[in-house]
Each structure stands twice: as C-alpha cells, then as structure tokens.
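With positions in the sequence shown counted from 1, the corresponding number in this note's numbering is that position plus 8. Below: one structure, written as structure tokens.
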Amino acid sequence: MTRWLHAPRRVALLSVHTSPLEQPGTGDAGGMNVYIAQTAARMAERGIAVEVFTRATSSDLPPVAEMVPGVLVRHVHAGPFEVLDRNELPAQLCAFTSAVLRTEANNEPGFYDLVHSHYWLSGQVGWLARDRWGVPLVHTAHTLARVKNAALAADDTPEPRTREIGEQQVVDQADSLVANTEMEADDLIHRYDADPAKVTTVPPGVDLEQFTPGSQQAARRALGIAPDAKVFAFVGRIQPLKAPDVLLHAAAQLLAAGKADRSRLVVLVVGGPSGTGLEQPRALQDLAARLEIADVVRFLPPLPGPELAQVYRAADAVAVPSHNESFGLVALEAQACGTPVVATDVGGLRVAVDDGVSGLLVPGHSAVEWANALARLSFPGLRGKMSDGAVEHARAFSWERTTDDLIGAYVRAAVAFQGEVVAS
Ligand code: UDP
9 MTRWLHAPRR VALLSVHTSP LEQPGTGDAG GMNVYIAQTA ARMAERGIAV
59 EVFTRATSSD LPPVAEMVPG VLVRHVHAGP FEVLDRNELP AQLCAFTSAV
109 LRTEANNEPG FYDLVHSHYW LSGQVGWLAR DRWGVPLVHT AHTLARVKNA
159 ALAADDTPEP RTREIGEQQV VDQADSLVAN TEMEADDLIH RYDADPAKVT
209 TVPPGVDLEQ FTPGSQQAAR RALGIAPDAK VFAFVGRIQP LKAPDVLLHA
259 AAQLLAAGKA DRSRLVVLVV GGPSGTGLEQ PRALQDLAAR LEIADVVRFL
309 PPLPGPELAQ VYRAADAVAV PSHNESFGLV ALEAQACGTP VVATDVGGLR
359 VAVDDGVSGL LVPGHSAVEW ANALARLSFP GLRGKMSDGA VEHARAFSWE
409 RTTDDLIGAY VRAAVAFQGE VVAS
C-alpha cells in the first residue's frame, strides 16, 4: 500500500542495459543515460533519494557508487562481466530481478516508495518489483519496437518479436507510462493499446548551463577549422537508425553541385559504434572514400559535454538524419548552443525542431534535398536568424521542468495505485 501522496522519499530507477555513469555516444549509451543522470540528480536536489540499478559489465565496478549526493548507482551482478548484446539480456533478467529484490529485502520494509523502469528490459524487472513491494511502477519506453520496425533503415535488422511481446507486457502492467512526446503517447495508445488514462507526456530537457551559445570562431579555432569554412556536424552513436551516411551523401552533393568549395568544407562525425551497427564507423569511412570526400570528413570519438558544445558552436548546422527518434537530445543541445538543426521530418524530431524557426525538417533522405537544406543554413543571414530561433526554442526545455513533471507523474501513479489496491 502506498504511504505517500506528495512526493516519494526513495525511488528505485531501473536501467538494466546501460549505466548513467557511462560516457554517452557509443555502444548502448546515449540519450537514455543522459536522461536518467540528469533527472536523478535533480530529484536528489528536491530531497528524493534515488538508487539506480544497472548491470555490472566489469568486475572493476564497485557494488555501489555515488553518482552525486543523493544518487547511488548499484552495479548488479547478472551474467558475465562484459557488455552483452541487447538480445542476450532477456536471459539475465531473472538474475537481475533477484538481486534487486534482495537489496530491498536487506533494508527496512517499505524501503522504496516507487519503481521507475527505463526501456522494456527494465520494465520486466519493475513489474515483479512492483508486485513484491506493493508500490507503483512507472515506465518509460524510450523507444518502441513497433515504431522502430515501421521505419527501418535499409541496412538495419528488425527488432525481434521477443521485444514486442515484452514491451506489450510492460505496457499492460505499469501503473503509469511516461512518453517523451504526444506522438509517442499516441503510439503507446494505438500501437500497444495502452489505457490513455495511464499515459503522461513529459518532454525531455537540455542542460542549459553546459550547452550555451558562444563564439563560432573561437570554437573553430579550438578545433583547427578555418574561420570561413562551411561546417556541418553529426553527433551520436554510429548506427543505421541514425543514418550518418545521409550527411556524407549530402556533402558529396554540395561539392558536385558547386555549392561548396572542397578546401572550405568540413564534415564532423562525432560518436562511436553502437549495437548492431558495430561495423558502421568503418563502413562510414569506406563510404567517405567511395564518395571521394575522405579529405572533408573528420571522425571524432565520443566527447563529453563541454567538448561537444564546441562542436555544436563550430557548425553552421547540425544534421540529425535519423530514420526515427523518440525525441533526439542532440537536436536540442545544438540549438541551445545557437546552431540550427537539419533533421528528418519524423517522430520526436518534429517537437525537438521548430521547422523554419530553429532549423529545417526534411522529408526523407534525398541527398539533393539534404544538400539544399544544409546550403541554405550556411548563408549568414538565414543562419543568424535561425540561430536566435534555435536558442529560444531550446530554452523552452529544461531538465528542471522534466523532473518536476516526472514527480507529478509519480504522484498520479501513486494515487491510481492506491485506488487499485483499495478496489481489489
Ligand atoms: N553524446 C555525448 N557524446 C558524444 C555523442 C553523444 O555525450 O560524443 C550524448 C549527447 O550529448 C546526447 C546523447 O548522447 O545527450 C544522445 O541522445 P539522443 O537523444 O540524441 O540519441 P540516443 O542516443 O538517445 O538515440
């Protein structure tokens, strides 16, 4: 039975397949890690103790680490001390759940007031924890297999049926479902038959202290880029879903159409390999060679926030050519730095970018259309106007607001949960 109706005192966050302590931009670490790290830290500032459970991928990791005061990360021993493919993880969920339940059992009764699972694998664990502890389960899917499979890149592998079935079970069991956008809420309701009363939309945020507008010239100097170059950047995990190849084709098109001068064109690709796209960075280098633009493209490893901000500031435009995004934090971060975004007209990117104001949305992936959109943004007049629009658009989002909205969702989940318990 739930004992609180204002804000929980202690929350268990479940993040089975990736840790908020990892550097995002490679492997399984991306926006979800940033989301958990940012909201957990702000919950702690609001007096809510947070414990994040994640799978230990190395024997060097301590069983418990303090991320910031008030946020503990518990490294759960479930399966070998190595990174496993996501498709191998369902077999480790029993071991993971057992460790989560034991942690609670070793504390006083009612230790956690609520469990919040991120991604469907964690939802499976949260479902059992909810039933055992008698607390509400809040779930955030982050991505949905049916949505991803409906807009698959040509060289991508469809998400397995196991995932769809597992997601459906979690949607049915959770007391509250948190969606990033109204579109995702709609997907939950129409593709997964979620009860609309259980679905809350909570827009993600952006760190407005880290991602600030700054001098483009200073950023270019720091990166060794000529002041008068046309600079376009891709930031994110290198995987078919994110389609960084679209930016390379567009760059080749800019040169072929005489819209850019080879000695003054720079394409920055920041990020590391990910999941099924492990071979992709190599494939991207091969593609650059085939397109005869290897001299124009610079590959950089995953970078931490302050260095990423310099990349965003140095660029005339940041490209987000994904086949689908439930949101797209990179788009928001670039805009917060004053850089307009060219993004595919799909999913959460329609919310992350204000088309024609803070950037441009392009339907599909035609190299000609992408090249045209990038070329438009390299004209100082339009770029300057959209830069102001970008900063203003990004400022409407913040992790503070996301956290407040999440706590609101927690409270509503507790009320609903209590109603269910009383009724049963
Ligand atoms: N990121 C980073 N360093 C990198 C590349 C990416 O820190 O080199 C971060 C980036 O700042 C963003 C996140 O990874 O916050 C990616 O989130 P997004 O929503 O764009 O994509 P996802 O990874 O969730 O698909």
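Positions of the beta carbon are idealized from the N, C-alpha and C atoms, including for glycine.
Separation of residue j from residue i, as counted between CA atoms
{"i": "Ala52", "j": "Asp303", "result": "47 Å"}
{"i": "Pro235", "j": "Arg420", "result": "52 Å"}
{"i": "Gln176", "j": "Leu340", "result": "30 Å"}
{"i": "Asp362", "j": "Gly118", "result": "45 Å"}
{"i": "Pro310", "j": "Gly244", "result": "8 Å"}
{"i": "Val60", "j": "Val178", "result": "19 Å"}
{"i": "Pro16", "j": "Gln318", "result": "38 Å"}
{"i": "Ile233", "j": "Phe242", "result": "16 Å"}
{"i": "Ala48", "j": "Val146", "result": "14 Å"}
{"i": "Leu29", "j": "Thr62", "result": "10 Å"}
{"i": "Gln225", "j": "Val275", "result": "16 Å"}
{"i": "Pro32", "j": "Arg140", "result": "33 Å"}
{"i": "Arg409", "j": "Ser374", "result": "36 Å"}
{"i": "Ala158", "j": "His198", "result": "14 Å"}
{"i": "Thr189", "j": "Gln293", "result": "34 Å"}
Coarse secondary structure for residue i, derived from DSSP in three states
{"i": "Ile246", "result": "strand"}
{"i": "His257", "result": "helix"}
{"i": "Lys206", "result": "helix"}
{"i": "Asp363", "result": "strand"}
{"i": "Thr284", "result": "The predicted model places Thr284 with a pLDDT of 48, which falls under 50 and marks its position as unreliable; any figure quoted below should be read in that light. Three-state result, Thr284: helix."}
{"i": "Leu109", "result": "helix"}
{"i": "Thr347", "result": "coil"}
{"i": "Ser184", "result": "strand"}
{"i": "Val214", "result": "coil"}
{"i": "Val123", "result": "strand"}
{"i": "Phe240", "result": "strand"}
{"i": "Thr34", "result": "strand"}
{"i": "Val277", "result": "strand"}
{"i": "Thr352", "result": "strand"}
{"i": "Val179", "result": "helix"}
{"i": "Glu341", "result": "helix"}
{"i": "Val423", "result": "helix"}
N- and C-terminal bounds of the alpha helix (DSSP H) containing residue i
{"i": "Ala193", "result": "Glu190 to Arg199"}
{"i": "Arg228", "result": "Gln224 to Leu231"}
{"i": "Leu97", "result": "First-last for Leu97: undefined, no H or E at that position."}
{"i": "Leu382", "result": "Ala375 to Leu385"}
{"i": "Ala20", "result": "Here Ala20 belongs to no alpha helix (DSSP H); instead the beta strand (DSSP E) covers Arg18 to Leu22."}
{"i": "Val319", "result": "Gly313 to Ala322"}
{"i": "Ser395", "result": "Pro388 to Arg403"}
{"i": "Val133", "result": "Tyr127 to Trp141"}
{"i": "Ala158", "result": "Ala153 to Ala158"}
Buried versus exposed, by CB contacts within 10 Å (16 or more), residue i
{"i": "Asp324", "result": "buried"}
{"i": "Phe387", "result": "exposed"}
{"i": "Phe223", "result": "It should be pointed out that residue 223 corresponds to Ser in this sequence rather than to Phe. It is exposed - the Cβ of Ser223 has fewer than 16 other Cβ atoms within 10 Å."}
{"i": "Gly142", "result": "exposed"}
{"i": "Cys345", "result": "buried"}
{"i": "Ile173", "result": "exposed"}
{"i": "Thr72", "result": "Correcting the residue type first, residue 72 is Val in the shown sequence and not Thr. With fewer than 16 Cβ atoms within 10 Å of its Cβ, Val72 is classed as exposed."}
{"i": "Ser23", "result": "buried"}
{"i": "Gly39", "result": "buried"}
{"i": "Arg290", "result": "exposed"}
{"i": "Gly55", "result": "exposed"}
{"i": "Thr352", "result": "buried"}
{"i": "Val76", "result": "exposed"}
Residue i Cβ short of 8 Å to the ligand ADP heavy atom set
{"i": "Gly38", "result": "Looking for the ligand ADP in the displayed structure turns up nothing; the ligands present are the ligand UDP."}
Cβ shell of residue i (< 6 Å), same chain only, five flanking positions each side left out
{"i": "Leu97", "result": "His25 and Leu129"}
{"i": "Arg229", "result": "none"}
{"i": "Thr284", "result": "Confidence at Thr284 is low in this model, with a pLDDT of 48, below 50, so the placement of that residue should be treated as unreliable; the coordinate-derived value is given next. Thr165."}
{"i": "Glu192", "result": "Ser334"}
{"i": "Gly313", "result": "Gln218"}
{"i": "Ala385", "result": "For clarity, residue 385 is Leu in the given sequence; the question names Ala instead. Result list for Leu385: Asp324, Ala325, Pro348 and Arg391, in chain order."}
Close Cβ partners of residue i (< 7 Å) along its chain, the five nearest in sequence each way excluded
{"i": "Arg403", "result": "Leu216"}
{"i": "Arg270", "result": "Leu263 and Val304"}
{"i": "Thr65", "result": "Phe89, Glu90 and Val91"}
{"i": "Pro168", "result": "Asn95"}
{"i": "Asn114", "result": "none"}
Cβ neighbours of residue i in the same chain (closer than 8 Å, five flanking residues each side left out)
{"i": "Leu262", "result": "Lys238, Ala268, Leu273, Ala379, Leu382 and Ala383"}
{"i": "Leu196", "result": "Ala149, Leu152, Val179, Leu185, Ala187, Ala202 and Val207"}
{"i": "Ile44", "result": "Leu21, Ser23, Pro28, Val60 and His126"}
Range of the contiguous beta strand (DSSP E) that encloses residue i
{"i": "Thr47", "result": "Not the beta strand (DSSP E): Thr47 falls in the alpha helix (DSSP H), residues Gly39 to Glu53."}
{"i": "Thr148", "result": "Leu145 to Thr148"}
{"i": "Ala325", "result": "Ala325 to Val328"}
{"i": "Arg272", "result": "Careful: Arg272 lies outside any beta strand (DSSP E) and carries neither H nor E."}
{"i": "Arg82", "result": "Val79 to Val84"}
{"i": "Leu308", "result": "Val305 to Leu308"}
{"i": "Phe61", "result": "Ala57 to Arg63"}
{"i": "Ala72", "result": "First, the residue type needs correcting, since residue 72 is Val and not Ala in the sequence shown. Unbroken beta strand (DSSP E) run through Val72: Val72 to Val76."}
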